[in-house]
Every structure is written in structure tokens, then in C-alpha cells.
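A.B. asks: Here our numbering is used: the sequence shown runs in plain steps of one and ends on residue 345.
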Amino acid sequence: MSNRVYSQEELQSVLASFGITDPTDISRYGSGHINDTFKVETKAGVRYILQRVTDAFDKDVLKSNILRVTEHLKSKGVKTLEVVGYENPWRVYKFLEGYTSVDVITDASQAELAASAFAAFQNALADLPAPQLLPVIPKFHDTVDRIRLLDEAAAKDVKGRKASVAKELAFVDARREESATIVKMMESGEIPVRTTHNDTKINNVMLASDGTNVVIDLDTTMPGSALYDFGDMVRTSSAAAAEDEKDLSKVYSKKEYFEALVKGYLANAKFLTENEKKLLAFSGRLITLTIGIRFLTDYLNGDTYFHTAYPEHNLDRCHTQFKMVESMEAQAAEYEEIVKKYS
Ligand SMILES: Nc1ncnc2c1ncn2[C@@H]1O[C@H](COP(=O)(O)OP(=O)(O)O)[C@@H](O)[C@H]1O
Ligand SMILES: [Mg+2]
3 MSNRVYSQEE
13 LQSVLASFGI
23 TDPTDISRYG
33 SGHINDTFKV
43 ETKAGVRYIL
53 QRVTDAFDKD
63 VLKSNILRVT
73 EHLKSKGVKT
83 LEVVGYENPW
93 RVYKFLEGYT
103 SVDVITDASQ
113 AELAASAFAA
123 FQNALADLPA
133 PQLLPVIPKF
143 HDTVDRIRLL
153 DEAAAKDVKG
163 RKASVAKELA
173 FVDARREESA
183 TIVKMMESGE
193 IPVRTTHNDT
203 KINNVMLASD
213 GTNVVIDLDT
223 TMPGSALYDF
233 GDMVRTSSAA
243 AAEDEKDLSK
253 VYSKKEYFEA
263 LVKGYLANAK
273 FLTENEKKLL
283 AFSGRLITLT
293 IGIRFLTDYL
303 NGDTYFHTAY
313 PEHNLDRCHT
323 QFKMVESMEA
333 QAAEYEEIVK
343 KYS
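The following block contains the structure:
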């Protein structure tokens with residue numbers, strides 16, 4: 003969310019432009035980081051989500067992608083966000099009633115539900131009519147390019163921080179070669195480009211007790227690899243601690259949650275090829291390494307991309323990601339067995 007201040011009058015006139023003339027309450031909502039989100043209550047009792055879309059992306063690309071994705075999902079009978087109106091930079095969705103959204107997983111069943119929802123989402127988008135969606139953020143999960151940007155940041159060393167992160171840079175160096183695996187296989191066609199979500203955090207699935215879960219936050223839906231979506235679920239949903247936990251003894255990947263993710267994902271991801279299945283366990287390590295690299299890069303660049311609350315914040319985040327990588331490496335054989343069990 004941005005620091006922008008909105009007057010009630012402004013919000014009311016935006017709503018009126020979408021034909022909503024009876025709001026009784028408009029207030030900030032949710033814990034999303036990207037958009038400015040409001041919950042709207044009306045006299046008629048219908049509730050809405052009003053969002054001002056982030057300035058970080060091309061808004062026309064976003065709009066076109068989201069309208070195509072929601073229409074396609076609807077046509078396939080997959081429950082999705084209902085767009086009431088979309089005029090950049092604003093959009094209104096029907097409020098998803100009866101669902102809960104959690105920020106942190108407290109039970110393995112939530113991991114299973116979320117993973118099955120993301121798989122169903124990818125499955126339904128497998129036959130999205132051409133052309134492909136437009137790339138909202140080019141090279142988003144391209145580890146090779148992310149390492150190139152890290153090398154650049156280290157060479158420039160604008161804040162004189164390079165010497166203090168020699169260990170972290172060595173950590174990346176030791177994994178440089180394997181980190182190109184998915185990029186190379188996508189280039190050669192051994193791994194297919196699919197329509198993927200690209201932000202598969204638990205709070206981007208609305209959970210329902212009857213199992214009809216809805217994938218939301220469609221802003222980064224674009225061409226990518228199914229492995230990146232699964233890997234980012236492992237990174238975010240199997241983590242035993244927060245992304246910036248300072249006590250690294252608390253940071254590890256929970257096998258129980260990993261298993262729940264695999265179980266839920268493979269129940270619906272019927273489209274996966276053998277090459278993709280073989281790399282599922284690896285994808286968690288790879289995405290986690292990639293995000294760690296992005297935090298390290300931002301630290302070297304002087305914290306210009308991620309919002310930081312204190313000077314070493316990006317470095318602490320890098321440390322949790324690298325600790326997660328080590329934890330997944332230590333459990334690699336067990337994780338491979340789990341994937342085989344549900345394949
Ligand atoms: N249609 C909806 N119905 C109910 N809650 C929603 C809806 N859309 C979004 N939310 C809530 O608002 C939060 C932020 O919205 P999201 O689209 O994920 O924005 P961000 O990109 O900022 O994360 C979500 O995590 C969810 O709790
Ligand atoms: Mg979100």
C-alpha cells in the first residue's frame with residue numbers, strides 16, 4: 003500500500019463513477035503491500051473491494067490481463083474475482099463473502115488448500131486463448147538475470163557494503179551453476195511457458211470451509227513457469243518464521259507443510275510434465291535463493307526497491323532466505339521422496 007492520503011469525497015466520487023451511490027463506510031482494508039485497498043459497505047448491504055492500482059506497473063497491461071483472466075476463469079466455471087468496474091487507476095471487485103484470508107499458515111490443511119487452489123488456477127488458464135498475457139514485470143523470476151544484477155550491484159558497491167557481505171556473495175557463487183537450471187530449460191523448451199500467478203503467498207487465496215477457494219491478487223498473472231509458482235509457495239508457506247526473523251535458529255522449512263503443499267498441488271496440477279515434476283522440490287530452493295539474492299542486491303544498492311524499516315533490514319531478509327535454502331538442501335532427499343509419493 004502507498005502512503006497516499008484519500009479523502010472520503012474522492013473515494014465517494016470514484017465509487018459513483020462505477021454506479022455505487024450508497025456507500026455507508028469506506029475504509030482501508032487487508033495487509034497487501036502493493037495496491038491501496040478499501041472495503042466498501044453500502045446501504046443496500048452489498049459490499050465491495052475498491053482498489054487504487056499501484057503506479058509500479060503498466061496499468062493498461064494490468065487491466066487487460068486481469069479482465070482476460072477473470073473472464074476466462076468465469077467461462078470455465080472456476081470461481082474468481084468479480085469485476086464490477088475497471089477504469090485506471092481504479093477498480094471495484096465484489097467482496098468475496100464468507101471467505102477468510104490468513105497471513106501466516108497455522109495448520110498444514112491451509113497449505114494444502116492454497117496449493118490446490120493455485121494448481122486449479124493454473125489448470126484453468128492452460129487453455130487461455132492466444133495471445134499470451136503481457137509480461138507485467140519482465141524477467142521477474144529469471145535467476146540468471148537476478149544474479150547479473152547482484153554482480154552489478156557488488157561491482158558498483160555504492161554504499162561500501164560489499165566487504166561486509168563476502169560470505170553471502172560466496173553463498174550465491176557456490177550455487178551459480180545450478181541456479182540457471184530452470185531458465186535454461188525454459189529457453190530450450192524442455193519446460194513449458196504457462197500462464198502463472200507469480201505471487202503465490204497464502205494471503206492471496208481466500209479460503210472457504212467448503213473447499214471452494216478463490217485465488218485473488220491477479221496483478222502479476224503472466225507467462226512464466228508453474229515451477230516458480232510452486233517454488234514460491236514452498237518459500238512462503240513452509241517457512242517456520244517470518245521473512246525478517248533475526249534469530250536464524252527459528253528459520254527452517256517445515257517438512258509437514260511442504261508435504262501438504264505437494265499433496266494439494268499435485269491433486270490439481272494434472273498438466274505437469276515429467277520434467278516439471280522432477281524439479282518441484284528443487285524449485286522451492288531456487289526461488290528462495292532468488293528472493294534472497296534480490297534482498298542482497300537491494301542491500302548493496304542502498305535499499306532502493308524494498309521498503310525497509312531499519313538499515314540492515316534487507317540483509318536480515320537475505321539471511322532468512324539463505325537459511326531456508328540450507329534447510330531445504332539438508333532435506334532435499336526427503337523432499338524428493340515426498341514428491342514421488344504424490345506423483
Ligand atoms: N474481492 C475481495 N473480497 C474480499 N477481500 C479481498 C478481495 N480482494 C482483496 N481482498 C483482501 O484485500 C487484501 C489485499 O488485496 P490484494 O489484491 O491481495 O492486494 P495487494 O496486491 O496489495 O496484496 C487481500 O489479501 C484480501 O484480504
Ligand atoms: Mg495480495
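Don't be surprised by glycine CBs; every beta carbon is placed ideally from N, CA and C.
#1: According to the Cβ coordinates, are Thr56 and Arg148 closer than 7 angstroms?
#2: Three-state secondary structure (DSSP) at Ala241?
#3: Would you say the beta carbon of Asp219 is closer than 6 angstroms to some non-hydrogen atom of ligand 2?
#4: Measuring from the CB of Asn200, is there a heavy atom of ligand 2 at a distance below 6 angstroms?
#5: Rounded to a whole number of angstroms, what is the C-alpha to C-alpha distance between Ser15 and Ser9?
#6: Comparing C-alpha positions only, which one of Val138, Val174, Ala126 and Ile204 sits nearest to Asp109?
#7: If you draw a straight line from the alpha carbon of Ala122 to that of Val63, how long is it in whole angstroms?
#8: Out of Ala58, Leu17, Lys45 and Val94, state which residue places its alpha-carbon closest to the alpha-carbon of Ile51.
#9: Taking the beta strand (DSSP E) that Gly226 falls in, what are its first and last residues?
#10: Taking the straight line between their C-alpha atoms, what separation do you get for Gly21 and Gly79?
#11: Just mark His321 as buried or exposed, buried being the case when its beta carbon has 16 or more other beta carbons within 10 Å.
#12: Beta-carbon separation of Leu302 and Ala210 under 7 angstroms?
#13: Would you mind working out which of Arg296, Lys257 and Val104 sits nearest Gly34, comparing C-alpha positions?
#14: Residues in its own chain within less than 7 angstroms of Lys252 by CB, not counting five upstream and five downstream?
#15: Curious, which full-length beta strand (DSSP E) runs of at least 3 residues does the stretch 191–230 contain?
#16: So the candidates are Asn125, Asp38, Glu170 and Val174; which of them puts its Cα closest to the Cα of Lys272?
#17: May I ask you to check if the CB of Asn206 is nearer than 6 angstroms to at least one heavy atom of ligand 2?
#18: Under 7 angstroms, do Gly191 and Gly233 count as touching if we go by C-beta distance?
#19: Name the one or two DSSP bridge partners that Pro25 has.
#20: State yes or no: is the C-beta of Ala283 within less than 7 angstroms of the C-beta of Tyr337?
#21: Should Tyr254 be labelled buried (16 or more other beta-carbon atoms within 10 Å of its own) or exposed?
#22: Pull up the CB-CB distance for Val195 and Thr145, whole angstroms please, since I reckon it's below 8 angstroms.
#23: On the criterion of 16 or more Cβ atoms from any shown chain inside 10 Å, does Thr290 qualify as buried, or is it exposed?
#24: Go ahead and label Tyr312 buried or exposed: buried means 16 or more other beta carbons lie within 10 angstroms of its beta carbon, across all protein chains shown.
#25: Can you list, in chain order, the residues of its chain whose CB lies under 6 angstroms from that of Val207, leaving out five sequence neighbours each side?
#26: Return the chain-ordered list of same chain residues with a C-beta closer than 7 angstroms to the C-beta of Ala46, the five sequence neighbours on each side being excluded.
#27: CA-CA distance, Lys257 and Leu229?
#28: Roughly how far, in whole angstroms, is the beta-carbon of Asn37 from the beta-carbon of Lys61, given that I think they are within contact range, below 8 angstroms?
#29: Flag Ile36 as yes when its Cβ comes closer than 6 angstroms to any non-hydrogen atom of ligand 1, and as no otherwise.
#30: Between Leu98 and ligand 1, is there a pair consisting of the residue's CB and a ligand heavy atom that are separated by less than 6 angstroms?
#31: Could you work out which residue in Asn5, Leu298 and Asn316 is closest to Arg150 when comparing CA atoms only?
#32: Check Glu89 in the structure and name its three-state DSSP category.
C.D. replies: Walking through what the data contain:
#1: no
#2: strand
#3: yes
#4: no
#5: 10 angstroms
#6: Ile204
#7: 24 angstroms
#8: Val94
#9: Met224 to Gly226
#10: 27 angstroms
#11: buried
#12: no
#13: Val104
#14: Ala242 and Ala243
#15: 196–198 and 224–226
#16: Asn125
#17: yes
#18: no
#19: Thr44
#20: yes
#21: buried
#22: No, Val195 and Thr145 are not in contact; Cβ-Cβ is about 16 angstroms, not under 8 angstroms.
#23: buried
#24: exposed
#25: Ala116, Ala119, Asn215 and Val217
#26: Asp24
#27: 18 angstroms
#28: About 11 angstroms; that fails the 8 angstroms criterion.
#29: yes
#30: yes
#31: Leu298
#32: strand
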